[in-house]
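Single-structure report; data block below.
Protein chains: 4
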Amino acid sequence: MASEHEGHRAEDGQTYWYHGDKVALQRRLRRIEGQIRGIQRMVEDDEYCIDILTQISASTKGLQAVALNLLEGHISHCVAEAQVKGDAEEADGKVKEATDAVARLLRT
Amino acid sequence: MASEHEGHRAEDGQTYWYHGDKVALQRRLRRIEGQIRGIQRMVEDDEYCIDILTQISASTKGLQAVALNLLEGHISHCVAEAQVKGDAEEADGKVKEATDAVARLLRT
Amino acid sequence: MASEHEGHRAEDGQTYWYHGDKVALQRRLRRIEGQIRGIQRMVEDDEYCIDILTQISASTKGLQAVALNLLEGHISHCVAEAQVKGDAEEADGKVKEATDAVARLLRT
Amino acid sequence: MASEHEGHRAEDGQTYWYHGDKVALQRRLRRIEGQIRGIQRMVEDDEYCIDILTQISASTKGLQAVALNLLEGHISHCVAEAQVKGDAEEADGKVKEATDAVARLLRT
Numbered sequence: 157m158a159s160e161h162e163g164h165r166a167e168d169g170q171t172y173w174y175h176g177d178k179v180a181l182q183r184r185l186r187r188i189e190g191q192i193r194g195i196q197r198m199v200e201d202d203e204y205c206i207d208i209l210t211q212i213s214a215s216t217k218g219l220q221a222v223a224l225n226l227l228e229g230h231i232s233h234c235v236a237e238a239q240v241k242g243d244a245e246e247a248d249g250k251v252k253e254a255t256d257a258v259a260r261l262l263r264t
Numbered sequence: 157m158a159s160e161h162e163g164h165r166a167e168d169g170q171t172y173w174y175h176g177d178k179v180a181l182q183r184r185l186r187r188i189e190g191q192i193r194g195i196q197r198m199v200e201d202d203e204y205c206i207d208i209l210t211q212i213s214a215s216t217k218g219l220q221a222v223a224l225n226l227l228e229g230h231i232s233h234c235v236a237e238a239q240v241k242g243d244a245e246e247a248d249g250k251v252k253e254a255t256d257a258v259a260r261l262l263r264t
Numbered sequence: 157m158a159s160e161h162e163g164h165r166a167e168d169g170q171t172y173w174y175h176g177d178k179v180a181l182q183r184r185l186r187r188i189e190g191q192i193r194g195i196q197r198m199v200e201d202d203e204y205c206i207d208i209l210t211q212i213s214a215s216t217k218g219l220q221a222v223a224l225n226l227l228e229g230h231i232s233h234c235v236a237e238a239q240v241k242g243d244a245e246e247a248d249g250k251v252k253e254a255t256d257a258v259a260r261l262l263r264t
Numbered sequence: 157m158a159s160e161h162e163g164h165r166a167e168d169g170q171t172y173w174y175h176g177d178k179v180a181l182q183r184r185l186r187r188i189e190g191q192i193r194g195i196q197r198m199v200e201d202d203e204y205c206i207d208i209l210t211q212i213s214a215s216t217k218g219l220q221a222v223a224l225n226l227l228e229g230h231i232s233h234c235v236a237e238a239q240v241k242g243d244a245e246e247a248d249g250k251v252k253e254a255t256d257a258v259a260r261l262l263r264t
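Here the protein sequences line up with chains A, B, C and D, keeping their order. Heads up: take any position in the first sequence, counting from 1, add 156, and you land on my numbering. Heads up: take any position in the second sequence, counting from 1, add 156, and you land on my numbering. Heads up: take any position in the third sequence, counting from 1, add 156, and you land on my numbering. Heads up: take any position in the fourth sequence, counting from 1, add 156, and you land on my numbering.
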């Protein structure tokens with residue numbers, strides 16, 4: 157997925173807002189990746205379906221924790237930046253993006 | 157996670173209920189694993205947080221589709237088996253397990 | 157909403173599966189109705205939006221508890237009845253209805 | 157539930173951020189209240205459980221739409237106000253409140 161938001165990229169040594177949390181974020185994502193591989197092994201080994209469902213819930217919970225972390229950063233930084241700049245249209249757009257993202261999370 | 161439900165394991169050539177769907181299930185899980193790795197790359201490349209949230213919603217939706225598939229099989233086979241056998245206590249236990257699993261999915 | 161499942165209606169004195177739980181179910185639903193009216197009062201009184209969101213979460217949780225209760229009964233009774241009768245097609249239909257209902261709950 | 161956020165109350169003729177949307181918000185909440193009463197009638201009339209579950213999903217969806225509306229207003233107004241004022245601590249607190257509210261919505 158190509159991002160259209162080039163301005164948010166780390167360019168010219170500029171750091172992105174979640175730069176400081178990158179190590180923690182990646183660690184969580186690798187852990188979730190490991191859980192998904194574990195679920196594949198459970199299916200391969202004919203494990204009990206309820207145990208597999210429990211693992212799926214754990215992975216989903218992990219993904220939502222990452223999502224909430226990103227959302228908090230988005231509101232604190234991307235939305236705030238636009239609001240402080242006083243660009244009402246851009247600020248409204250950012251808030252709309254944030255609540256649309258929450259709507260997508262709620263509907264999954 | 158060790159399963160305590162050995163009776164559900166494929167033993168003596170006996171096939172497990174989702175045996176026939178295993179190929180499809182594993183394909184979906186590998187696809188989700190690929191999505192999680194894609195999210196790691198997005199974080200690595202400082203992609204826009206909203207785009208990452210969209211990918212997280214897609215992965216969560218994929219996991220829930222797998223969960224619904226397993227749940228359908230569980231009710232059709234594990235629950236039905238106990239109910240047809242006429243073992244009311246075991247049947248009630250299986251139904252409780254299923255709804256508890258749904259509760260966990262809803263709370264994530 | 158007109159039900160097409162007349163066979164499930166209490167006719168000729170026949171009781172429906174959740175008959176015994178009706179008092180408890182109605183009490184919970186009236187409690188949720190009261191919460192929704194409470195939210196209207198909060199909006200009327202210009203209460204803080206986060207406090208209103210907390211009440212909305214509580215009402216949603218209440219509705220999901222009712223849903224899980226109905227789902228458990230549906231699997232224990234409607235699905236089981238079809239499975240014990242040995243009508244595979246009807247049983248599969250009932251299971252499909254149950255998982256479709258779970259899918260709708262997850263997507264809200 | 158007593159709000160501790162008196163500053164958000166409409167006092168001295170000051171209007172609250174969702175003041176303009178109050179009519180629409182209350183209309184939606186009354187509609188949801190009507191749906192909950194409809195569910196009570198369905199239980200009373202021994203309607204089919206799957207039909208009741210469908211109505212519960214519709215009510216939950218209605219509540220989430222109200223929640224997203226309130227969340228959007230909260231970020232646009234309460235969070236923005238603190239950020240523009242330059243009070244970093246208060247702004248962070250407001251963002252935290254918002255994401256905590258989203259977490260509660262996701263967990264229900």
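Glycine is no exception: its CB is placed at the ideal position from the N, C-alpha and C atoms. Remember, predicted model here, so these are calculated numbers, not experimental data.
Anticipated Cβ contact below 8 Å, residue i with residue j, distance rounded
i                       : j                      : result
valine 258 (chain D)    : leucine 224 (chain A)  : 6 Å
glutamine 196 (chain B) : arginine 187 (chain A) : Glutamine 196 (chain B) to arginine 187 (chain A), Cβ: 11 Å. No contact.
Distance, residue j Cα to residue i Cα
i                        : j                       : result
leucine 226 (chain A)    : valine 251 (chain D)    : 12 Å
glutamate 253 (chain D)  : cysteine 205 (chain C)  : 10 Å
glycine 218 (chain B)    : glutamate 228 (chain A) : 24 Å
lysine 241 (chain C)     : leucine 262 (chain B)   : 31 Å
glycine 249 (chain D)    : aspartate 243 (chain C) : 58 Å
lysine 178 (chain D)     : arginine 193 (chain D)  : 22 Å
threonine 255 (chain B)  : histidine 230 (chain D) : 35 Å
glutamate 245 (chain B)  : serine 215 (chain D)    : 34 Å
isoleucine 212 (chain C) : threonine 210 (chain A) : 27 Å
aspartate 207 (chain C)  : serine 232 (chain A)    : 21 Å
glutamate 189 (chain B)  : aspartate 202 (chain C) : 46 Å
arginine 184 (chain B)   : glutamine 220 (chain B) : 11 Å
glutamine 239 (chain D)  : alanine 247 (chain B)   : 57 Å
threonine 264 (chain B)  : arginine 260 (chain D)  : 10 Å
leucine 181 (chain C)    : glutamine 191 (chain C) : 15 Å
arginine 165 (chain A)   : valine 199 (chain B)    : The predicted model places arginine 165 (chain A) with a pLDDT of 44, which falls under 50 and marks its position as unreliable; any figure quoted below should be read in that light. Near 11 Å, if we compare the C-alpha coordinates of valine 199 (chain B) and arginine 165 (chain A).
glutamate 237 (chain A)  : valine 222 (chain C)    : 43 Å
Helix, strand or coil at residue i according to DSSP, with G and I counted as helix
i                        : result
glutamate 203 (chain B)  : coil
threonine 264 (chain C)  : coil
aspartate 243 (chain C)  : coil
methionine 157 (chain B) : Caution applies to methionine 157 (chain B), whose pLDDT of 38 falls short of 50 and renders its modelled position unreliable; the value that the coordinates give is listed next. The answer is coil: DSSP assigns methionine 157 (chain B) none of H, G, I, E or B.
threonine 255 (chain D)  : helix
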